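In this note's numbering, the protein residues as written are 1 to 72. Ideal Cβ positions, reconstructed from N, Cα and C, are used throughout, including at glycine. What you are looking at is a predicted structure, and each value in this text was computed from that prediction instead of being measured. Have a look at the structure below, then the notes.
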């Protein structure tokens, strides 16, 4: 190999390493933004952590159905 070829290979390997570092950094930024957005949406929902008595809801819906009432 000639001296210029060795320098070209080294230069190419340096840029390959820089591209790998930038790629990993962008992956971490994407993951952080995605996780933050998902948690933000889930935690801002008003009824996420409330417990609901499903039997009471079903009883009310059955009574409403039998009485011919409107749901909405």
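Three-state secondary structure (DSSP) of residue i
i: residue 11; result: helix
i: residue 50; result: coil
i: residue 68; result: coil
i: residue 56; result: helix
i: residue 19; result: helix
8 Å contact criterion, which residue i and residue j should meet: CB distance rounded
i: residue 42; j: residue 48; result: 6 Å
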